[in-house]
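Have a look at the structure below, then the notes.
2 protein chains.
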Amino acid sequence: MASIQDVASLAGVHRSTVSRIINGEGKFRADTKRKVEMAMAELNYRPSAIARSLATASSNMAGLLVTYYTGGFFGEMMEQVQAELDNHNKFLITAQGHLSAEGEREAIRRFHHLRCEGYVLNSRYLPDDELHLLAQEPTPFVLLDRQVAGLESRCITFNHRLAAKQAVSYLIAQGHRKIACISGSLSRASSFQRYQGYVEALQEAGITQADGWAEEGNYSRESGYRAAQSIYQACPDITALFSCSEEMTLGALLFFHQHNVAIPQQLSLISFDSVGLCASLYPPVSEVHFPIRDMAQAAVQLLVSQIHGQPVEMRCHFQPELRLRDSVRPLPAVDGL
Amino acid sequence: MASIQDVASLAGVHRSTVSRIINGEGKFRADTKRKVEMAMAELNYRPSAIARSLATASSNMAGLLVTYYTGGFFGEMMEQVQAELDNHNKFLITAQGHLSAEGEREAIRRFHHLRCEGYVLNSRYLPDDELHLLAQEPTPFVLLDRQVAGLESRCITFNHRLAAKQAVSYLIAQGHRKIACISGSLSRASSFQRYQGYVEALQEAGITQADGWAEEGNYSRESGYRAAQSIYQACPDITALFSCSEEMTLGALLFFHQHNVAIPQQLSLISFDSVGLCASLYPPVSEVHFPIRDMAQAAVQLLVSQIHGQPVEMRCHFQPELRLRDSVRPLPAVDGL
DNA sequence: CTGAAAGCGCTAACAA
DNA sequence: TTGTTAGCGCTTTCAG
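Here the protein sequences come in this chain order: A and B. Residue numbers in the first sequence follow full-length UniProt numbering, run continuously in steps of one, and reach 337 at the last position. Residue numbers in the second sequence follow full-length UniProt numbering, run continuously in steps of one, and reach 337 at the last position.
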């Protein structure tokens with residue numbers, strides 16, 4: 001592959017001139033410019049981002065850590081991050097953390113190795129203290145959907161607890177009192193917060209949570225199916241169900257369809273969603289919307305501002321939004337209550 | 001960030017020694033090795049992949065072009081590509097082609113710019129002749145799910161026509177004769193091939209395709225919904241429907257549910273699928289499986305073999321597989337036929 | 001087993 | 001407006 005020197009030789013100029021013309025720095029004689037451009041075209045010259053990085057001590061790359069690439073959710077994140085990075089002409093390096101701290105560590109190692117100018121972490125497993133250590137290093141990073149005390153200026157957050165509480169309170173406002181919950185893994189902070197929101201909404205309404213109402217899944221369809229099964233078999237008298245992710249909702253819905261539980265006639269359903277799946281299900285499922293797209297975009301904007309060292313005014317805390325559809329039935333008021 | 005020179009100085013050795021130790025080349029006095037390792041630890045030294053790339057003239061990166069990151073399908077591809085690349089310790093650079101030849105060109109430019117050692121192209125818009133031109137250049141690439149005459153050794157392919165034909169022939173074998181089709185955009189080669197398979201199956205069975213049986217979508221849920229609507233309003237007498245993608249199937253299913261068209265009692269349904277969505281719908285939808293995961297894995301293996309210049313024996317042509325579930329009802333034989 | 005020196009492709013003062 | 005020079009951080013002969 002042709003180098004800048006090859007172009008310079010062919011054009012009969014010095015390589016620094018070629019460099020300037022490529023980067024549009026300064027003025028050149030029209031003739032020189034033409035010669036250089038012809039030479040570049042003739043040699044099919046493409047500047048080496050690598051050499052440029054080394055010379056300028058800036059890689060022009062940014063990293064993004066996600067758990068997995070599959071499943072839609074992370075695709076939304078990547079899409080926004082790439083789009084925002086394109087605006088700044090930066091390359092995106094992605095890495096998967098799989099489901100372990102070591103996986104996440106390895107991803108970050110990779111970012112450092114490539115001298116990424118900064119990176120966005122959708123980290124679920126790295127402990128807070130390691131994050132604090134990382135924050136001592138010069139490479140900026142921002143945490144997407146994670147709250148770490150002392151690192152507030154790097155956090156893009158969402159109030160999972162409040163979101164869940166709003167969803168469940170809505171069910172309660174519709175007259176429901178026997179409300180089950182399919183949660184994500186309770187060992188994950190955001191999943192646990194969603195579960196807490198559920199509990200809190202019940203408490204505030206003076207409802208005592210019965211055994212068997214809450215079942216723990218892992219955000220997969222299969223776990224949603226199984227959880228729905230456990231719940232329904234243990235507590236066939238529930239009138240409403242709150243599902244903590246769209247994928248689990250899909251699984252749960254399959255179970256209910258298969259067992260002729262009509263939604264919303266026999267059972268009302270409300271779900272977390274961030275990729276817009278709920279709207280396409282039957283019946284269209286009411287959701288609390290988790291705005292991962294907006295958050296991902298904000299994360300990159302924050303990151304870029306940190307890279308440039310220019311603090312910027314921006315929203316870092318995002319709010320839930322209820323999107324009501326056909327899966328919740330108001331319960332007729334019961335006499336004597 | 002500490003450089004190799006910093007480490008060398010601190011350890012009191014020459015930087016080339018440090019380099020050798022890092023790369024495990026040759027033998028060293030235990031003492032030297034220890035000193036160097038301590039220095040690296042103390043300085044929290046991380047070798048620069050960029051400098052290394054420049055010095056070795058190999059970037060250790062591979063590119064992957066997809067249309068979009070969202071929607072699940074491309075996530076499956078990326079997942080496999082990343083996993084396979086991890087085996088070879090290569091970095092993955094992803095880029096989106098959006099929906100244009102120019103977008104794809106830009107992505108490839110980016111790969112060259114970063115001096116990727118090779119790249120996998122899930123290209124839908126770059127014309128064949130441009131691909132031939134690209135093939136003249138030294139950087140290897142492989143085409144994932146695309147057949148280009150003259151570039152066979154770089155193609156990982158799938159027989160879309162046959163897959164569609166198998167699906168539709170299955171419907172016919174179950175007694176169906178009035179069979180509609182929701183196709184993808186007919187201007188896309190693979191979508192067109194699927195449509196052709198549908199047509200061919202009908203023809204072989206001596207069935208004349210009626211007006212309104214075929215509707216063109218664009219692989220989105222919404223287009224599936226609209227297509228189902230058009231088809232069903234124009235031809236309420238169809239007994240079966242073949243949908244060319246899982247997302248369109250989701251949309252179509254919503255339409256049928258909303259309009260009380262029972263699947264499979266009133267209408268049988270079979271769909272293309274590659275991400276396993278059909279199994280989670282209600283009713284579970286029978287599918288022709290498009291093995292994008294296996295194909296993506298094969299693509300990287302082929303690419304790596306081309307990068308190393310060691311041709312390898314491998315399967316480059318993949319076959320469809322019918323996965324039968326509950327969405328197709330055998331039609332009772334009609335007397336006198 | 002280790003050091004010296006050259007160079008990968010490019011940029012960035014500094015001169016001219 | 002253009003050329004000269006000195007690196008960026010690392011690898012890789014070639015000596016010793």
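For every residue, glycine included, the Cβ atom is placed at its ideal position computed from N, Cα and C.
Following the DSSP letters along the chain, one finds Val7 (chain B) inside the alpha helix (DSSP H) bounded by residues Ile4 to Ala11.
In this structure, the alpha-carbon of Ala173 (chain B) lies about 54 angstroms from that of Asn159 (chain A). In this chain, the beta strand (DSSP E) harbouring Thr157 (chain A) covers Cys155 to Phe158. Contact between Thr157 (chain B) and His317 (chain B) holds, with the beta-carbon distance rounding to 5 angstroms and staying under 8 angstroms. For Leu133 (chain B), the enclosing alpha helix (DSSP H) has its first and last residue at Asp128 to Gln136. Judged by their CB atoms, Ser274 (chain A) and Val285 (chain A) are not nearer to each other than the 8 angstroms cut-off. Chain order gives no chain A residues near Glu204 (chain B), where near means a beta carbon separation below 9 angstroms; the closest approach is about 34 angstroms. Taking 7 angstroms as the Cβ-Cβ cut-off, the segment 75-91 of chain A approaches chain B at Gly75, Glu76, Met78, Glu79, Gln82 and Phe91, given in chain order.
With a threshold of 8 angstroms between beta carbons, Ala227 (chain B) makes no contact with chain A. In terms of beta-carbon proximity, His113 (chain B) lines the interface with chain A, with at least one pair separated by less than 8 angstroms. Contact annotation: Arg124 (chain A) and Thr67 (chain A) have beta-carbon atoms nearer than 8 angstroms. No Cβ-Cβ contact shorter than 8 angstroms links Glu222 (chain A) with Gly197 (chain A).
DSSP, read as helix, strand or coil, puts Asp86 (chain A) in helix. Within the segment 208-235 of chain A, the residues whose Cβ lies closer than 7 angstroms to some Cβ of chain B are Arg221, listed in chain order. What Thr67 (chain B) touches in chain A, judged by beta-carbon distance under 9 angstroms, is nothing: the nearest beta carbon there is about 11 angstroms away. Rounded to the nearest whole angstrom, the C-alpha separation of Tyr195 (chain A) and Thr56 (chain A) is 49 angstroms. Boundaries of the alpha helix (DSSP H) harbouring Ile22 (chain B): Arg15 to Asn23, taken from the DSSP string. At a Cβ-Cβ threshold of 8 angstroms, Phe73 (chain B) and Ile263 (chain B) do not count as neighbours.
Remark: C-beta atoms of Leu65 (chain A) and Ile108 (chain A) approach each other more closely than 8 angstroms. As far as DSSP is concerned, Leu267 (chain A) takes part in no beta bridge. Of all C-beta pairs linking the segment 136-150 of chain A to the segment 300-314 of chain A, three or more are shorter than 8 angstroms, placing the two stretches in contact. Residue nearest to Arg177 (chain B) within the set B:Ser185, B:Ile4, B:Pro330 and B:His14 is B:Pro330 (criterion: CA-CA distance). Glu117 (chain B) sits close to Ser59 (chain B), with the two beta carbons spaced by under 8 angstroms. Residue-level contact by beta carbon holds for Gln96 (chain B) and chain A, with a gap shorter than 8 angstroms. Considering only beta carbons, the part of the segment 104-133 of chain A lying closer than 8 angstroms to chain B consists of Arg109, Arg110, His112, His113, Leu114 and Arg115, in chain order.
In the structure shown, the three-state DSSP call for Glu247 (chain A) is helix. Annotation for Thr94 (chain B): the continuous beta strand (DSSP E) segment containing it runs Phe91 to Gln96.
Within the segment 261-282 of chain A, contact with chain B at the beta-carbon level (separation under 7 angstroms) is assigned to Ser280 and Tyr282. What Gly309 (chain B) touches in chain A, judged by beta-carbon distance under 8 angstroms, is nothing: the nearest beta carbon there is about 17 angstroms away. With respect to chain A, the C-beta atom of Thr56 (chain B) has no partner C-beta closer than 8 angstroms.
A buried status is given to Leu269 (chain B), since no fewer than 16 other beta-carbon atoms sit within 10 Å of its beta-carbon.
The beta carbon of Gly97 (chain A) lies closer than 6 angstroms to those of Leu65, Thr67, Gly103, Glu104 and Ala107 in the same chain, with the five residues before and after it left out. Only buried fits His112 (chain A), as 16 or more other CB atoms lie within 10 angstroms of its CB.
Exclusion of the five residues before and after Asp326 (chain A) leaves Pro283 and Pro284 as the residues of its chain whose Cβ lies within less than 6 angstroms of its Cβ. DSSP links Tyr119 (chain B) through a beta bridge to B:Gly63 and B:Phe141.
Rounded to whole angstroms, the separation of the alpha carbons of Ala228 (chain B) and Thr208 (chain A) is 46 angstroms.
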